[in-house]
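In the order they appear, the protein sequences are chains A and B.
Going by full-length UniProt numbering, the first residue of the first sequence is number 1, and it counts up by one from there.
Going by full-length UniProt numbering, the first residue of the second sequence is number 1, and it counts up by one from there.
Backbone N, C-alpha and C define an ideal beta-carbon position, used for all residues, glycine too.
Below is one structure, written out as structure tokens, with a few remarks after it.
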Amino acid sequence: MIRTPSLLRRPFFSSSSSPPPPSSSCILPPPSLLRPHLISTPISLRCSAADSRSPPNREMATADNQQDPRLAGIASAIRVIPDFPKAGIMFQDITTLLLDVKAFRDTIDLFVDRYKDKGISVVAGIEARGFIFGPPIALAIGAKFVPLRKPKKLPGEVISEEYSLEYGTDKIEMHVGAVQAGERALIVDDLIATGGTLNAAIRLLERVGVEVHECACLMELPELKGRDRLGDKPLFVLVQSSVDAHDYH
Amino acid sequence: MSAVKDEDPRIDGIKTKIRVVPNFPKPGIMFQDITTLLLDPKAFKDTVDLFVERYKGKNISVVAGIEARGFIFGPPIALAIGAKFVPLRKPKKLPGEVISEEYTLEYGSDRLEMHVGAVNKGERALVVDDLIATGGTLCAAMNLLERAGSEIVECACLIELPELKGRDRLHGKPLYVLVEYH
Numbered sequence: 001m002i003r004t005p006s007l008l009r010r011p012f013f014s015s016s017s018s019p020p021p022p023s024s025s026c027i028l029p030p031p032s033l034l035r036p037h038l039i040s041t042p043i044s045l046r047c048s049a050a051d052s053r054s055p056p057n058r059e060m061a062t063a064d065n066q067q068d069p070r071l072a073g074i075a076s077a078i079r080v081i082p083d084f085p086k087a088g089i090m091f092q093d094i095t096t097l098l099l100d101v102k103a104f105r106d107t108i109d110l111f112v113d114r115y116k117d118k119g120i121s122v123v124a125g126i127e128a129r130g131f132i133f134g135p136p137i138a139l140a141i142g143a144k145f146v147p148l149r150k151p152k153k154l155p156g157e158v159i160s161e162e163y164s165l166e167y168g169t170d171k172i173e174m175h176v177g178a179v180q181a182g183e184r185a186l187i188v189d190d191l192i193a194t195g196g197t198l199n200a201a202i203r204l205l206e207r208v209g210v211e212v213h214e215c216a217c218l219m220e221l222p223e224l225k226g227r228d229r230l231g232d233k234p235l236f237v238l239v240q241s242s243v244d245a246h247d248y249h
Numbered sequence: 001m002s003a004v005k006d007e008d009p010r011i012d013g014i015k016t017k018i019r020v021v022p023n024f025p026k027p028g029i030m031f032q033d034i035t036t037l038l039l040d041p042k043a044f045k046d047t048v049d050l051f052v053e054r055y056k057g058k059n060i061s062v063v064a065g066i067e068a069r070g071f072i073f074g075p076p077i078a079l080a081i082g083a084k085f086v087p088l089r090k091p092k093k094l095p096g097e098v099i100s101e102e103y104t105l106e107y108g109s110d111r112l113e114m115h116v117g118a119v120n121k122g123e124r125a126l127v128v129d130d131l132i133a134t135g136g137t138l139c140a141a142m143n144l145l146e147r148a149g150s151e152i153v154e155c156a157c158l159i160e161l162p163e164l165k166g167r168d169r170l171h172g173k174p175l176y177v178l179v180e181y182h
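Here it is in structure tokens:
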């Protein structure tokens, strides 16, 4: 049985102290994906900038109740595949976004606009979809790119961080010497669900003295509360999607 | 038909940034580690620029990258030349309907997959990976793209191990590399 995610209606808000606007900022993208058989599921859009470190006046520049017009194209280019990798999971497939030249470029531009001139010298991307979005951002902001990989993929000396899965554990690894203490980093992945992997990435970087400036993802599944597993690190996402939290861990 | 641009002044800077790790993943293999190149923003940018300069304006609408290191170099090239990016992945990673191509390893075989509908008939494609060794994976990648009806313009890699003759497994299509390792 295919469960259709409920619409997530949450008004756009900023980290400033002004109250959220009264109207919902939910937009239904047209079901206009590339091929008729692709499934389009309505998802709400929210440019969420929960960065308590930004001065309020900087956040106000984006907090004017108007979503960036590029977000609609980005959200509608993401395809939802039901029951992958297992029954009940609505998988957010970004490969269709990569087929839309404008939407892919807009995605990168939105991150680059946010992170250039912030003194970020490291963009860390989580294998494998973080490898698609991290490097273009790194190149545009003049930062180095550091791949965070599954065990035994990196050839040199590594440090590892273990994290829990629903059943068992997994590890991510980074090359020794890739980053230096005191560098400022951005962590990039396509999606944050429970936040377990991102949390491990933060720990890995902090262990070597790096300051994690923010985590950046295209998509968030907010009901899984991944944001709460990032400690004091802010999260920036372009799009949110509602899920049945029961099937995710 | 190949080009190794050792005249371009940027090549030397790129070459020196690639780290060789002996005996990985097993004894006797001198592993070409490109992660050290990614730590040098100028060298990384030069790498991408060299490919972009070659492929811009050639009416290439698809850049296919082979998991996982092809995912690092393919997208920046695709974005710069205005092409779509198509990830070619190990089995069971892509969530939608796929076509698969099997290829031989030293021991056993492996498979590469591509989403149905990612590529259209007649599209001109570039295949990108960090390195070509025996050419088995690139050959499988080309098969996937050709089965979907696209025309392979060229295969592009940072590094070639010429003694493994991977170049000869590319269906007669050209190969462009920045650096050879002997």
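Quick check: what's the CA-CA separation for residue i versus residue j?
| i | j | result |
| --- | --- | --- |
| Ser150 (chain B) | Gly136 (chain B) | 19 angstroms |
| Ile108 (chain A) | Val122 (chain A) | 16 angstroms |
| Gly119 (chain A) | Glu53 (chain B) | 29 angstroms |
| Cys155 (chain B) | Gly166 (chain B) | 11 angstroms |
| Ile14 (chain B) | Ile72 (chain B) | 15 angstroms |
| Ala181 (chain A) | Ala143 (chain A) | 15 angstroms |
| Asp129 (chain B) | Leu38 (chain B) | 14 angstroms |
| Leu105 (chain B) | Ala125 (chain B) | 25 angstroms |
| Ser100 (chain B) | Asp117 (chain A) | 43 angstroms |
| Gly125 (chain A) | Ala83 (chain B) | 22 angstroms |
| Pro82 (chain A) | Gly96 (chain B) | 9 angstroms |
| Lys42 (chain B) | Leu205 (chain A) | 23 angstroms |
| Val21 (chain B) | Ala133 (chain B) | 16 angstroms |
| Leu139 (chain A) | Asn143 (chain B) | 31 angstroms |
| Gly117 (chain B) | Leu170 (chain B) | 23 angstroms |
| Gly231 (chain A) | Val212 (chain A) | 11 angstroms |
| Val158 (chain A) | Gln66 (chain A) | 44 angstroms |
How about residue i and residue j: are their beta carbons less than 8 angstroms apart?
| i | j | result |
| --- | --- | --- |
| Val127 (chain B) | Ile159 (chain B) | no |
| Val101 (chain A) | Phe91 (chain A) | no |
| Thr36 (chain B) | Ile60 (chain B) | no |
| Leu112 (chain B) | Ala141 (chain B) | yes |
| Val188 (chain A) | Phe133 (chain A) | yes |
| Gln32 (chain B) | Leu131 (chain B) | yes |
| Leu145 (chain B) | Val119 (chain B) | yes |
Assign residue i to buried or exposed, taking buried as 16 or more other Cβ atoms, counted over all protein chains shown, within 10 Å of its Cβ.
| i | result |
| --- | --- |
| Ser109 (chain B) | exposed |
| Leu165 (chain A) | exposed |
| Gly28 (chain B) | exposed |
| Pro151 (chain A) | exposed |
| Thr169 (chain A) | exposed |
| Gly9 (chain B) | Sequence inspection shows Pro at residue 9 (chain B); the Gly mentioned does not correspond to that position. That one is exposed. |
Leaving aside the five residues before and after residue i along the sequence, list all residues of the same chain whose C-beta is less than 6 angstroms from its C-beta, in chain order.
| i | result |
| --- | --- |
| Gly156 (chain A) | His175 |
| Pro135 (chain A) | Phe145 |
| Pro222 (chain A) | Gln240 |
| Glu102 (chain B) | Ser109 and Arg111 |
DSSP has residue i in a bridge; who is on the other side?
| i | result |
| --- | --- |
| Ala185 (chain A) | A:Val122 and A:Val212 |
| Ser109 (chain B) | B:Thr104 |
| Cys155 (chain B) | B:Val127 and B:Leu175 |
| Thr169 (chain A) | A:Ser164 |
| Lys144 (chain A) | A:Val122 |
| Lys84 (chain B) | B:Val62 |
| Arg149 (chain A) | A:Glu173 |
| Val21 (chain B) | B:Phe31 |
| Arg79 (chain A) | A:Asp93 |
With a threshold of 8 angstroms on Cβ separation, who are the neighbours of residue i within its own chain once the five nearest residues in sequence on each side are excluded?
| i | result |
| --- | --- |
| Leu218 (chain A) | Ile74, Ile78, Ile94, Leu97, Thr107, Phe133, Asp190, Leu191, Val237, Leu238 and Val239 |
| Arg229 (chain A) | Thr194, Gly195, Gly196, Leu198 and Asn199 |
Return the chain-ordered list of same chain residues with a C-beta closer than 7 angstroms to the C-beta of residue i, the five sequence neighbours on each side being excluded.
| i | result |
| --- | --- |
| Phe51 (chain B) | Ile77 and Ala156 |
Is residue i a contact residue of the ligand FAD, with contact defined as CB to any heavy atom under 7 angstroms?
| i | result |
| --- | --- |
| Asp130 (chain B) | Annotation note on the ligand FAD: not contained in the displayed structure, which lists no ligands. |
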